[in-house]
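Sequential numbering of the sequence shown, starting at 552, is according to our numbering.
For reference, the structure is listed below as structure tokens.
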Amino acid sequence: MDSSGVLRLALLQCCSGKHAEENQRHVLTQMQLAAEQGAQLMLLQEHVMGMHPQGPQVLASQAADFLAALQSACARLKLWLVAGTLPWLTRPDGGLVPDGRMRAACFVIDDQGQVVARYDKIHMFDVQVDDTQGAYRESDRMEAGDKIVLVDTPWGRLGLTICYDLRFSELFSALTQAGADFIAVPSAFTQVTGAAHWSTLLRARAIENQVYIWASGQCGSPYPGRFTWGHSLAVDPWGRVVAQAGEEPVLLKVDTDLSELVRCRRSMPMSQQRRLPLQVSICAQFTNKDA
552 MDSSGVLRLA LLQCCSGKHA EENQRHVLTQ MQLAAEQGAQ LMLLQEHVMG
602 MHPQGPQVLA SQAADFLAAL QSACARLKLW LVAGTLPWLT RPDGGLVPDG
652 RMRAACFVID DQGQVVARYD KIHMFDVQVD DTQGAYRESD RMEAGDKIVL
702 VDTPWGRLGL TICYDLRFSE LFSALTQAGA DFIAVPSAFT QVTGAAHWST
752 LLRARAIENQ VYIWASGQCG SPYPGRFTWG HSLAVDPWGR VVAQAGEEPV
802 LLKVDTDLSE LVRCRRSMPM SQQRRLPLQV SICAQFTNKD A
């Protein structure tokens, strides 16, 4: 890791509607703006290609062209990109996802326009939320991934997660133990779950793993009955919020002091002090006489 400088990061927050072409034009415009403002790495949000009321399969046939456009822009702008998520019809080995489903794939593109990593969302959002939609069944249309993914960048090692993965601390722990310095969390949190848990979870993952957390979220209402939280966030390894968006579309600029990671880990060397796994002892009946 290069701990001597500052990484200029851009987080894109927008409301991706159902038209992939419009969303692509907006993303490419924002990439151009980010590069003009000196960004070296940019993070897009989950469902960046679009959120369609009939599901991601409506947009999947356009995903390869969308990715190719992002690659061309990265090469032209000399910009690294964490490309949110795209609805992808094949697995990383090239095999077709069965049963008409797809994967939520997060691609990382380097400043030469090359895809250098792909992560497929592991945890499916199958939940009941107290909002107008109510039931969410992501697994009806999406197949879960089964591999954790990290990629080496000029600034350090980047771990990849997506949205609902945020609630599973063991994934973040595994990424950190594999050497992650930063973890990206492209997301589309609902307004209800976002208001309750978004900031708390992001800060907790940064603190307990001593990593930078970068989270870019969908905002607004992409279609009637679906409301997303926004509030894209950058958190440092001490849990400090470095930058935060509100509920409106924005290109959030973040200057990341890479030396802060080294200072935090030296002053509190948690990775050297970790003692798991430990033997588990379940005390079904414990009384004073057992003490």
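From the three backbone atoms N, C-alpha and C, an ideal C-beta is built for every residue, glycine too.
- The beta-carbon distance between alanine 739 and threonine 683, rounded to whole angstroms, is 15 Å. This is too long to meet the 8 Å contact definition.
- Spatial neighbours of phenylalanine 617 in its own chain (CB-CB distance under 7 Å, excluding positions within 5 residues in sequence) are listed in chain order as Ala571, Gln575, Met600 and Leu637.
- If you check the CB distance, leucine 621 and alanine 590 do not come in under 9 Å.
- The shortest C-alpha to C-alpha distance from leucine 701 to any of Cys566, Val633, Ser623 and Ala785 is the one to Val633.
- Residue environment: threonine 704 is assigned as buried (16 or more neighbouring CB atoms within 10 Å of its CB, all protein chains considered).
- In the three-state reduction of the DSSP assignment, phenylalanine 723 falls in the helix class.
- For alanine 634, no beta strand (DSSP E) run applies, since DSSP gives it neither H nor E.
- Here valine 793 is buried. Its C-beta has 16 or more other C-beta atoms within 10 Å.
- At least 9 Å separates the beta-carbon of proline 643 from that of aspartate 681.
- Non-local beta-carbon contacts of leucine 753 in its own chain, meaning distances under 8 Å to residues more than five positions away in sequence, involve Leu717, Val736, Ile764, Ala766, Leu784 and Val786 in chain order.
- Looking at the backbone, the Cα of serine 772 and that of glutamate 689 are separated by about 18 Å.
- Taking a C-beta distance under 9 Å as the contact criterion, glutamine 795 and histidine 782 qualify as a contact pair.
- DSSP, read as helix, strand or coil, puts alanine 686 in strand.
- Cysteine 566 counts as buried, since no fewer than 16 other beta carbons sit within 10 angstroms of its beta carbon.
- When Cys770, Val813, Asp677 and Ala668 are compared, the shortest CA-CA separation from alanine 746 is found for Cys770.
- Take the alpha-carbon of glycine 556 and the one of cysteine 815: they are about 16 Å apart.
- Contact annotation: leucine 558 and alanine 586 have beta-carbon atoms that are not nearer than 9 Å.
- Counting only runs of 4 or more residues that sit fully inside the region 647-697, no alpha helix (DSSP H) segment turns up.
- The continuous stretches of alpha helix (DSSP H) do not include cysteine 770, which lies in the beta strand (DSSP E) extending over residues 770-774.
- Every alpha helix (DSSP H) of 4 residues or more that sits fully in the region 574-650 is shown, in chain order, as 614-628.
- The residues Val557 and Arg559, in chain order, have a CB closer than 7 Å to that of aspartate 806 in the same chain once the five nearest residues on each side in sequence are set aside.
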